[in-house]
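What follows is one structure encoded as structure tokens, with my remarks underneath.
Protein chains: 2
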Amino acid sequence: MPYERLKTAILKHVPFSDEEAATFCNAFQPQRYKPKEYLLRAGEICRFEGFVAQGCLRVFALDARGGEHVLYFAPEDWWVTDLDSFTNQQPSWLFVQALEPSTVLQITKADKDRLYAALPATEKLFRIMGQKTLVALQRRMLSALSQTADARYLAFVGKYPALAQRLTQQQVAAYLGITHEFLSKIRRRLGQKK
Amino acid sequence: MPYERLKTAILKHVPFSDEEAATFCNAFQPQRYKPKEYLLRAGEICRFEGFVAQGCLRVFALDARGGEHVLYFAPEDWWVTDLDSFTNQQPSWLFVQALEPSTVLQITKADKDRLYAALPATEKLFRIMGQKTLVALQRRMLSALSQTADARYLAFVGKYPALAQRLTQQQVAAYLGITHEFLSKIRRRLGQKK
DNA sequence: GGCAACCATTGAACTAGTTCACCAAGTGCC
DNA sequence: GGCACTTGGTGAACTAGTTCAATGGTTGCC
């Protein structure tokens with residue numbers, strides 16, 4: 000049951016009763032995606048906020064020359080949306096794509112607004128989750144400003160070893176902000192055979 | 000009156016009555032800082048969340064070799080804290096320093112928690128402000144991943160022209176993730192005399 | 001009013017990371 | 001079972017950005 004993961008995840012932050020948790024979870028619709036399938040493309044309006052029950056997605060942007068740059072990966076238990084496009088219902092500049100066969104529990108903007116009204120603790124839930132995301136992104140920003148690609152790569156595999164295994168090197172490179180050729184050279188230098 | 004700026008700022012996001020707004024604002028204490036004065040140093044626990052009523056601060060980190068890297072600047076109407084250290088009351092890895100003579104309205108963790116309890120809309124207020132900060136940081140992260148230093152510099156002065164005037168080039172460079180020497184060369188190349 | 005900091009600029013030598021072209025191995029598809 | 005496609009690796013030439021050292025101009029301080 001994909002809803003169990005969602006229930007467990009939210010109860011970590013907010014003390015919902017069983018009924019409240021059910022009200023919360025029932026506002027989400029499960030959707031399955033095949034590898035390479037897009038949930039959102041730049042120019043579209045993001046109609047969902049999703050909780051990944053299974054699989055792995057990526058959120059990325061294209062630069063002027065067609066290069067892909069990964070904002071984040073979303074494996075199981077992560078949330079995925081274009082926050083700006085979703086909250087303001089305006090055109091996105093991001094792509095959201097499944098990397099593996101994935102199941103995502105999705106909520107619409109209207110249903111999320113209903114949740115805020117029906118269960119006030121929802122405010123706190125998303126405030127806290129947003130704060131954690133912000134702290135993590137601040138760390139990554141500082142890492143981008145201050146560390147060399149070698150150090151960023153080591154930090155990434157150190158922090159997310161299981162995820163690093165699931166991703167191709169191209170995806171990892173697009174997250175680190177380097178070319179996959181250079182990542183290959185870093186790995187050789189570090190003697191990483193894995 | 001420094002509280003007027005704070006009141007105006009919060010009423011943009013949340014419909015407080017005059018009494019509620021007063022309750023909110025009175026939880027904050029004004030503090031004045033001289034240029035170069037530190038509000039927080041790495042290793043300390045961040046005891047405040049602040050609203051800048053006047054002046055300008057910077058939040059930065061040191062790398063292994065002593066280089067400074069700016070996470071963000073906080074001029075008038077911006078909020079400033081080490082979110083991680085403040086919310087979890089654990090040692091910080093950041094520095095917060097005044098760049099100009101500044102007045103900051105500050106709240107402690109305990110008083111902020113009291114606000115959350117006394118005025119539930121406070122949850123919404125900080126959820127929304129957090130979301131906006133997150134969206135802005137996502138944009139900056141993608142810019143760091145995908146753009147050259149020239150483009151990032153132009154984007155910065157384009158987005159924050161007044162702020163760029165107030166800062167030294169060293170500060171701007173530490174925000175862009177380049178050396179101030181290289182920033183100087185970029186500016187020459189662009190023919191910027193300002 | 002003079003000295004000490006700090007700031008912006010510049011040039012030369014260097015290094016981290018890119019680009020392009022190519023090759024080998026795996027994987028999935030029909 | 002074969003073919004197309006994607007992936008990972010490698011080398012050579014290149015470029016964006018760093019490092020170091022030096023200079024001159026402001027600014028602020030006592």
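Note that the protein sequences, when read in sequence, are chains W and S. If you use numbering that gives the first Met the number 0, the first sequence corresponds to residues 0 to 193, in order. If you use numbering that gives the first Met the number 0, the second sequence corresponds to residues 0 to 193, in order. For each residue, glycine too, the CB sits at the ideal point set by N, CA and C.
Q | Counted within 10 angstroms of its Cβ, other Cβ atoms place Lys193/S as buried (16 or more) or exposed | A | Low confidence applies to Lys193/S: its pLDDT is 35, below 50, so where it sits in the model is not reliable, and the reading given next is rough at best. It is exposed - the Cβ of Lys193/S has fewer than 16 other Cβ atoms within 10 Å.
Q: Pull out every residue of the stretch 113-137 of chain S whose Cβ sits closer than 7 Å to any Cβ of chain W, in chain order.
A: Pro119, Glu122, Lys123, Phe125, Arg126, Gly129, Gln130, Thr132, Leu133, Val134, Leu136 and Gln137
Q. Between the C-alpha atoms of Tyr2/W and Asp17/W, what's the straight-line distance to the nearest angstrom?
A. 13 Å
Q: With a cut-off of 8 Å on the beta carbons, I'd call Leu38/W and Gln96/W a contact; round off their distance for me.
A: 7 Å
(Q) With DSSP as the reference, identify every bridge partner of Cys55/S, one or two as the case may be. (A) Pro74/S
Q | Coarse secondary structure for Arg46/W, derived from DSSP in three states | A | coil
Q | Within-7 Å CB hit, Leu189/W to chain S | A | no
Q) Is it right to say Gln130/W is buried, meaning 16 or more other beta carbons lie within 10 angstroms of its own, or is it exposed? A) buried
Q. According to the neighbour-count rule (16 or more other Cβ atoms, all chains shown, within 10 Å of its Cβ), is Arg57/W buried or exposed?
A. buried
Q | Selection of the stretch 26-51 of chain S by Cβ proximity to chain W, strictly under 7 Å | A | none
Q) Under the rule that 16 or more other beta-carbon atoms within 10 Å means buried, what is Phe181/W, buried or exposed? A) exposed
Q.
Please tell me whether Gln89/S and Gln30/S are closer than 7 Å, where the distance is taken between their beta carbons.
A. no
Q. Taking DSSP as the reference, what is the three-state secondary structure of Asp17/S?
A. helix
(Q) Please list, in chain order, the chain S residues whose beta carbon lies closer than 7 Å to that of Arg139/W. (A) Met140
Q. For Ser142/S, which residues from the same chain have a beta carbon less than 8 Å from its beta carbon, with the 5 sequence-adjacent residues on both sides left out?
A. Ala150, Arg151 and Ala154
Q) Which residues mark the beginning and the end of the alpha helix (DSSP H) in which Ser84/W is found? A) Leu82 to Asn87
Q) Between the C-alpha atoms of Ala60/W and Gly176/W, what's the straight-line distance to the nearest angstrom? A) 12 Å
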